[in-house]
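J.: These protein sequence lines are chains A, B, C, D, E and F, in that order. Letter by letter, the first sequence follows residues 18 to 289 of my numbering. Letter by letter, the second sequence follows residues 18 to 289 of my numbering. Letter by letter, the third sequence follows residues 18 to 289 of my numbering. Letter by letter, the fourth sequence follows residues 18 to 289 of my numbering. Letter by letter, the fifth sequence follows residues 18 to 289 of my numbering. Letter by letter, the sixth sequence follows residues 18 to 289 of my numbering.
6 protein chains.
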Amino acid sequence: MRRNDVRDMLARGEAAVVAWMSTDSPYLAEVLSYCGYDAVTVDLQHGMFDVGRAIQLLQAVSSGPAVPLARCSGLDPAQIGKLLDGGAYGIICPGVDTAEQAAAFVRACRYPPRGARSFGPSRGLLYGGSDYVDHADDTVLTWAMIESKDGLANLDAILATPGLDGVFVGPNDLALSLGERPGTLPLSEKVTAAMSEIATAARAAERWAGAFAPDADLARRLIDSGYQFVAPGNDVSVLRQAAAQRIAVARGGSGAAAKDSAVRDLPGSSGY
Amino acid sequence: MRRNDVRDMLARGEAAVVAWMSTDSPYLAEVLSYCGYDAVTVDLQHGMFDVGRAIQLLQAVSSGPAVPLARCSGLDPAQIGKLLDGGAYGIICPGVDTAEQAAAFVRACRYPPRGARSFGPSRGLLYGGSDYVDHADDTVLTWAMIESKDGLANLDAILATPGLDGVFVGPNDLALSLGERPGTLPLSEKVTAAMSEIATAARAAERWAGAFAPDADLARRLIDSGYQFVAPGNDVSVLRQAAAQRIAVARGGSGAAAKDSAVRDLPGSSGY
Amino acid sequence: MRRNDVRDMLARGEAAVVAWMSTDSPYLAEVLSYCGYDAVTVDLQHGMFDVGRAIQLLQAVSSGPAVPLARCSGLDPAQIGKLLDGGAYGIICPGVDTAEQAAAFVRACRYPPRGARSFGPSRGLLYGGSDYVDHADDTVLTWAMIESKDGLANLDAILATPGLDGVFVGPNDLALSLGERPGTLPLSEKVTAAMSEIATAARAAERWAGAFAPDADLARRLIDSGYQFVAPGNDVSVLRQAAAQRIAVARGGSGAAAKDSAVRDLPGSSGY
Amino acid sequence: MRRNDVRDMLARGEAAVVAWMSTDSPYLAEVLSYCGYDAVTVDLQHGMFDVGRAIQLLQAVSSGPAVPLARCSGLDPAQIGKLLDGGAYGIICPGVDTAEQAAAFVRACRYPPRGARSFGPSRGLLYGGSDYVDHADDTVLTWAMIESKDGLANLDAILATPGLDGVFVGPNDLALSLGERPGTLPLSEKVTAAMSEIATAARAAERWAGAFAPDADLARRLIDSGYQFVAPGNDVSVLRQAAAQRIAVARGGSGAAAKDSAVRDLPGSSGY
Amino acid sequence: MRRNDVRDMLARGEAAVVAWMSTDSPYLAEVLSYCGYDAVTVDLQHGMFDVGRAIQLLQAVSSGPAVPLARCSGLDPAQIGKLLDGGAYGIICPGVDTAEQAAAFVRACRYPPRGARSFGPSRGLLYGGSDYVDHADDTVLTWAMIESKDGLANLDAILATPGLDGVFVGPNDLALSLGERPGTLPLSEKVTAAMSEIATAARAAERWAGAFAPDADLARRLIDSGYQFVAPGNDVSVLRQAAAQRIAVARGGSGAAAKDSAVRDLPGSSGY
Amino acid sequence: MRRNDVRDMLARGEAAVVAWMSTDSPYLAEVLSYCGYDAVTVDLQHGMFDVGRAIQLLQAVSSGPAVPLARCSGLDPAQIGKLLDGGAYGIICPGVDTAEQAAAFVRACRYPPRGARSFGPSRGLLYGGSDYVDHADDTVLTWAMIESKDGLANLDAILATPGLDGVFVGPNDLALSLGERPGTLPLSEKVTAAMSEIATAARAAERWAGAFAPDADLARRLIDSGYQFVAPGNDVSVLRQAAAQRIAVARGGSGAAAKDSAVRDLPGSSGY
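(1) Here's a check: name, in chain order, each residue in its chain whose Cβ is nearer than 8 Å to the Cβ of C:Leu86, leaving out the five neighbours to either side.
(2) In chain order, what residues of the same chain have a beta carbon less than 8 Å from the beta carbon of D:Ala222, not counting five sequence neighbours either side?
(3) Can a CB atom of chain E be found closer than 8 Å to the CB of C:Pro203?
(4) Over what stretch of residues does the alpha helix (DSSP H) that includes F:Met65 continue unbroken?
(5) Classify B:Ser286 as helix, strand or coil using the three-state DSSP reduction.
(6) Just verifying my parser: in three-state terms, what is the DSSP assignment at E:Val113?
(7) Taking Cβ-Cβ distances shorter than 7 Å, what residues in chain E pair up with B:Arg140?
(8) In angstroms, rounded to a whole number, what distance separates the CA positions of E:Tyr289 and E:Arg88?
(9) Cβ atoms of A:Phe136 and D:Leu61: under 8 Å apart, would you say?
(10) Touch check for the stretch 261–269 of chain E and the stretch 261–270 of chain A: three-plus C-beta pairs under 8 Å?
(11) Taking E:Gln62 as the query, report the chain F residues whose CB atoms sit under 8 Å from its CB, ordered along the chain.
(12) Please report the Cβ distance between A:Ser50 and A:Ala83, rounded to the nearest whole angstrom; I am assuming they are in contact, meaning their Cβ atoms lie under 8 Å.
(13) Given a cut-off of 8 Å on the beta-carbon distance, is the pair C:Ala275 and C:Val247 in contact?
(14) Below 6 Å CB to CB, which residues in the same chain sit around B:Gln17 once its five sequence neighbours on both sides are set aside?
(15) How many Å lie between D:Gly30 and D:Asp241 at the Cα?
(16) Compare the C-alpha of D:Gly250 against each of F:Leu256, F:Asn251, F:Pro188, F:Gly146 and name the closest.
(17) Going along chain C, which residues have a C-beta under 8 Å from B:Tyr106?
(18) From the DSSP output, in three-state form, read off B:Gly103 for me.
(19) What residue ranges within the stretch 234–270 of chain B form continuous alpha helix (DSSP H) runs of no fewer than 4 residues, ordered along the chain?
(20) When you compare only the Cα positions, how much space is there between D:Val113 and D:Gly227?
(21) Considering just the uninterrupted stretch of the beta strand (DSSP E) at E:Leu86, what are its terminal residues?
(22) Taking the alpha carbon of A:Asp190 as the reference point, which residue from B:Arg134, B:Thr217, B:Gly200 has its own alpha carbon closest?
(23) In or out: A:Ala188 buried (at least 16 other Cβ within 10 Å) or exposed?
(24) According to DSSP, which residues form a beta bridge with A:Met38?
(25) Taking a contact to mean a Cβ-Cβ separation below 8 Å, would you say A:Gly141 touches A:Arg19 in this structure?
(26) Identify every residue that forms a DSSP beta bridge with F:Ala230.
(27) Which chain C residues are close to E:Asp102, counting only those with a beta carbon under 7 Å from its beta carbon?
(28) Looking at B:Arg131 and B:Gly183, is the spacing between their C-beta atoms short of 8 Å?
(29) Note the first and the last residue of the continuous beta strand (DSSP E) segment covering E:Val184.
(30) Less than 6 Å between C-beta atoms, sequence neighbours within five positions excluded: which residues of the same chain meet that for E:Thr40?
(31) At a Cβ threshold of 8 Å, is D:Arg88 touching chain A?
(32) If you reduce the DSSP assignment to three classes, tell me which class B:Leu158 lands in.
(33) Classify C:Ala218 as helix, strand or coil using the three-state DSSP reduction.
(34) Could you confirm whether any beta carbon from chain D is found closer than 8 Å to the beta carbon of B:Pro284?
(35) Three-state secondary structure (DSSP) at E:Ala33?
(36) Enumerated in chain order, which unbroken segments of the alpha helix (DSSP H) with a length of 4 residues or greater are wholly contained in the stretch 124–179 of chain F?
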């Protein structure tokens, strides 16, 4: 079976830098795969497409060097199975608040006897190879998202779930859950403290920590603090900020000022 | 944030006339938005498309003056969240039979602390504006569908749900649940009586009442009886009846007779 | 090979009433096929879709009783061949102004030795049957559109084209070419006179005459005057007028008044 | 209402041979419908498409002679309702392990009072006819998949579910659940014994038995042993094996050898 | 009819900054429309989509504030007509080398008697308004691309074409035609001189000059030198350069260095 | 730039076995790429999809090992340019009857000064690499189809076209042009003789010869007689024949007999 380069990086202690895709363009998916990212995450939760299109995006990612990953829209075993059958080499599951949910998530990602995934790895077999069934359980990455007070409270139990590879933080939903306004930078003290705690607990449990980072500087700081899997913005926020700068320069103004105002004007896309 | 014109109409005591879309054509969605309807409801439950296409339909509606709304296919928080992220300014949820379901539905539509909606309002942010997160909870309309004996029995409890804006009646499912054949006009006494009761209870609970109406005369009567949100047929039933008339006239026959037979021949599309 | 019901009707001297499709919904195509129309014309010229989608529309029409037809976007043999391969049982070609163009159009529709159509009738073979190649040339209808002064001037030469089955009038482009405003009803004297002349010439040349008719009454009059193939409005104009009536009635107004204003407000869709 | 030819075959004691579709091509769906299969099953579980595309595939099947069926991706009433509204004349539900699940599955397929299906049979009404609502419950086939140890343990209770028409075996998931490697031929003794037991129990309970069969010889043997509904491979496995043979012959080698190696190399597609 | 804001800007002597879209995502089209660009050009020539999808992109642009424009894939009147019917408020035509081609291009964009555009402005009528036909010829912008030695040689004759609004320079094809390597920055002396000459000639002929500019600084300089319509990069080049910077920063490197190498590595997208 | 494996095979004197794709499924395109074929040809002429979908098919092919090729729908430089920009590593152009057409075809495939291809190799740059522009002209294969009496008559002149890599025979259109029925096997003496002549002439002119072959045995014989590029059936004919065999075996009949009748019943798909 084709190896999972991101898993190998993580195992070597390196950090993966990941694209986050919310648009429904297979061409753009391929562009992102060739951009230098280690992986491209197709986002079913807040992305503007559905699982049928997601499979085409995974195909497009697969034609470049990045590893194809997906965030499912929720803890839905049928959708998770389909994304895996569609060749995703890892699933990021939003809203995992309890150990029971973490176990159900892992069960959806693993074949019996480890889990309850149904057999039929359509294009997974093409991308992975004819011995897919023998190695899929050890290849596919499973990330549970910690993004609520409940998730924080149950962190250790979630981290103890057999078969779970890591936890992934959504700073905006976490902020909302902690009673703060999402989409603001720099991250609040509460969120920062929680993220630090998560990284520490993950390491203690021999799990990896990942996070969405609204900008690249924060992504860098997260990596420095132990996060090994970071997404520095999504496709739209990256493009929108860069477009704002170009427009400003073309109009004879300052690109740097435009960059800041783009962040202010686009809280939703700047991070989740 | 862009205001919700339908919410404003309802608050002023006016009645909104709403298109109901079951076809998967973005162009037709835009046509309906320019037709004079106050809103266009993209129907995920009985419409012949999925949530990916629904987002394109919401885009198309947004390029005209009507307010974009959606009926979800069921009480599925992941789908509801995606429709809201896709710019829907209201959700109509089918099959709400209990107060617990009503509360779960509202929770899916509101951000913490009022609910559990996840943050990431992709094109909602474009359509709504950069302060989307601050006003979404007060802008998005939440309609619970009453369409069963259980729903009727629990009507008052459902209406008491905090954050629920209104109840919406599906006369056909209601008829089926009451032991009658769906798709017949005029509505039976039982259905008529139930719908009258619902409007009264809604008003008493300071909630709005809405309904699907198989034809325009019934829509008028419903408005006269207190319904403030009515859909006089869906796209297919409107087109099919009109086409039958045109064909009859072109063939040298009577358009009026054709109109009646079209209603008889198309019970499924004439109302749900 | 499956017979062409519309050709049979025309041969028996009957008139076919035809749907005209400008939206890109396969479901709506199937609805139109079951509506009572004799045929559904998928309009590549002014319809909001491309030839890939047109093939799906032709499939959808084929699952109902109406005959699948297409208007190509121009005199493009590659596109015409693809529509025929896609199962269209007739092609309506816009802007045929000369006998040379008429001959080129017919050549694109017929196999050698009668024409130059390339062999590979993909789904045409499914819809038509395994003896498709033996009968296609006698089954597929070829309509040249007369819609300009040049077309009128060359009418007799066009009608004399071997293999051409009929001429089809686009009243709006004809009006524009004659120096008048398109989209107005009743048709002007000039257009009416030209259309009368065309029917007469067609009959004399043993060809059929067809036309787009902005409304059903005009469709009836055209049939009475010798037209055997009429499209009483397109999908959008039919729906838009009917929706305007329903909205008016629901708002407590007059449906008849709404119908007239819808015609005034939508000149583009009311006829071409 | 249009009769269900597969149900009629089963009632006469005949066996239906069924195509299994995992690709997202409406044209291919129509090809399969014209290939000689009694039905075409659109596979939402392991197929590489979503429910929106599934509806277009059902349309395409409907334009040929085969009966349109669907496997849902899971026990999801909203999706099942949509597939039925989309014209599916039968649903195959994966992973039915208990009698409660079987009852929930049947409930999703039947209108009140027999079940809880919502009324709005969009294109079902086109394909089925205007009396759809009166006969749908007796027309639509309901197949519960038995593919786990739990399913086997609860087999009699599942078979006793009122309104359930039959059980369908997925040999690969069954093998996995029984602790064996999936995708191998010949089937193991354990799986063979279980499948024999299922057919016997089904007959005793006056239910039909069906199965996915990785190759045609096994399909034949299953029919001989009482299975009346078999799918001899899916679209991809049929094509892939045939392509391997053609390539081998074109390269001057042996088609027969290629056929065997194609089976070995494609365990995932060779059967589920 | 809705005014063309870009035409109004040009008429006032202002410069328009334009997005250039090569990806097939309606959501991204809407993002670009809300980004601050004055217009979004949907690129049919080198964009990875077709005219059917282009119409959905134009819809998406229309739901934001930017003006929807299109580059056609060639001098194809059928495609140009369809883009205009789809609501494009301007067409940029590649490869206009002669005055005859310029005249044919204008003819495709204007109704009789000024041109030969066919009447049927489907969604153009929605976006433009019910008086579309009366004002379209004075609203829609027509840009002929000068991108070859022949085009330069015939520049004055092309500029003299009645109904042509402006000329648009593609620096890469121009470089190729002048015997130089495309995709390099800074532009060569030959290309720079030619572009200067084009702006001067355009002004003399009372036409506007526009150009694709691989980066924002060049866009600024072009505006300073008389260009009033510039596209500072396309969607992919903007995103790719910005992503390279973010990845570099996240990996602990320098964003500025990454920006330069992204330009070197992506000559094709950096300008045409 | 990524090498063209098929060109390298041809240069080494080996024969390439090529898949021919007429269905619109990206997943199936990827399956074919992994099947063992040396290349997959996406057929725009008789395939049931358009150029937008073709690009997604090329992407899907690119994610497997086969070389992505395309047959254009006609001699249309805009479409050819788009397919090349979309990453096609070779174009097969139908209906090349004269040396002028052959030259125009080559011109559409090569950059100046060798041709007139416009610069903007969107995903070609991703698939090919950042030095695409420097090597594309020597990498992309150009095949002119000889499929008419005229093409035969002008064979030597066509073969002499600078930049043309080979000629490709469509036996069915050739049969039609020679006055015979297409779709029959074995090929007639006339067609066989013409194909032999073409191979000889091609070799003499130092060009490669290729052909569509309705079955694998003929493909083998063509290779033995000097053809180095053969397509043994298209996706639909391969699948349909194999399905007929499986169905027959499942029904207790003979697969071999079914195979023959499938060929008889499907003349259109059995070869072009």
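By construction, the Cβ of each residue, glycine as well, lies at the ideal position given by its N, Cα and C atoms.
T.: By the coordinates alone:
(1) Val23, Val35, Ala56, Val57, Thr58, Val59, Ala105, Tyr106, Gly107, Ile108, Ile109, Leu158
(2) Asp173, Leu176, Ala177
(3) no
(4) That residue, F:Met65, is in no alpha helix (DSSP H); it is neither H nor E in DSSP.
(5) Caution is warranted here: a pLDDT of 46 is assigned to B:Ser286, below 50, making its placement in the model unreliable, and the coordinate value is therefore given only provisionally. In the structure shown, B:Ser286 sits in coil (DSSP, three-state: anything other than H, G, I, E or B).
(6) coil
(7) Tyr44, Glu47
(8) Only weak support exists for where E:Tyr289 lies, its pLDDT of 48 falling under 50; the value from the coordinates is given anyway. Each residue's Cα considered, the two are about 12 Å apart.
(9) no
(10) no
(11) Ala95, Gly98, Lys99, Ser135, Gly137
(12) 4 Å
(13) no
(14) Because chain B is modelled from 18 through 289, residue 17 of chain B falls outside the range shown and cannot be assessed.
(15) 12 Å
(16) F:Leu256
(17) Here the premise fails: no neighbours, minimum Cβ distance about 19 Å.
(18) coil
(19) 252–267
(20) 14 Å
(21) 84–88
(22) B:Arg134
(23) Inspection of the sequence shows that residue 188 of chain A is occupied by Pro rather than by Ala. So A:Pro188 counts as buried.
(24) A:Val59
(25) no
(26) F:Pro249
(27) His63
(28) no
(29) 183–186
(30) Asp252
(31) no
(32) strand
(33) helix
(34) Here the model assigns B:Pro284 a pLDDT of 49, short of 50, so the residue's position is not dependable and the matter cannot be decided.
(35) strand
(36) 139–145, 149–156, 166–170, 172–176
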